[in-house]
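**Q**
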Amino acid sequence: MPSPDPQTCEVKIGGAWIAVSLDEAAALHIMAVKRCPACHGRVAVNGTYSGPKVLRRLYHRKAHNGCPLKADTYNGRLSPHPQALT
């Protein structure tokens, strides 16, 4: 299985999950529900402003140690989020 891109998330549009960049999610889909592309847990997109550049990051709303996109807490075994969005 290929590794999910940490610079993308899935956005629910019209009942379907669509993969988009974090920049697009933050600019065009502000109010849409977002989920992690790896574990399908609910996420938020936050930005850090450093000069002219905005650095976007994906933040899980609830911690989950089965997600490879959270390197600091990942236990090495990919598993669905306990509150995965479908």
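In the UniProt record's numbering, the protein residues as written are 1 to 86.
Even for Gly, the Cβ is constructed at its ideal location relative to N, Cα and C.
Taking 8 Å as the limit between beta carbons, can you name the residues of its chain near Asn75, skipping five residues before and five after?
**A** Within the sequence shown, numbered from 1, the residue matching residue 75 stands at position 75. The residues are Asn65 and Gly66.
**Q** What is the DSSP secondary structure of Leu78, counted as helix, strand or coil?
**A** Numbered from 1 along the sequence shown, position 78 holds the residue referred to as residue 78. Looking at Leu78 - three-state DSSP - the assignment turns out to be coil, as it is neither helix nor strand.
**Q** Output the boundary residues of the alpha helix (DSSP H) element that contains Ala71.
**A** Stepping through the sequence shown from its first residue, residue 71 is reached at position 71. That residue, Ala71, is in no alpha helix (DSSP H); it is neither H nor E in DSSP.
**Q** Alpha carbons only, please: which of Tyr49, Cys39, Gln83 and Val11 is nearest the one belonging to Met31?
**A** In the sequence shown, the residue the question calls residue 31 occupies position 31. Looking at the Cα atoms, Val11 is the closest of the given residues.
**Q** Roughly how many angstroms lie between the CA atoms of Gln83 and His29, to the nearest whole one?
**A** Taking the sequence shown and counting its residues from 1, the one referred to as residue 83 is at position 83. Taking the sequence shown and counting its residues from 1, the one referred to as residue 29 is at position 29. Linking Gln83 to His29 through their CA atoms gives a straight-line distance of about 22 Å.
**Q** Which term fits Gly41, buried or exposed, when burial requires 16 or more other beta carbons within 10 angstroms of its beta carbon?
**A** Residue numbering aside, residue 41 sits at position 41 when the sequence shown is read from its first letter. So Gly41 ends up on the buried side.
**Q** How about Leu58 and Pro68: are their beta carbons less than 8 Å apart?
**A** The residue you call residue 58 lines up with position 58 of the sequence shown. The residue you call residue 68 lines up with position 68 of the sequence shown. Not a contact, by the Cβ cut-off of 8 Å.
**Q** Kindly give me the distance between the Cβ atoms of Tyr56 and Ala26, rounded to whole angstroms, as I take these residues to be in contact under 8 Å.
**A** Along the sequence shown, one-based indexing puts residue 56 at 56. Along the sequence shown, one-based indexing puts residue 26 at 26. According to the sequence provided, residue 56 is Arg. The question's Tyr does not apply to it. Yes, Arg56 and Ala26 are in contact; Cβ-Cβ is about 6 Å, under 8 Å.
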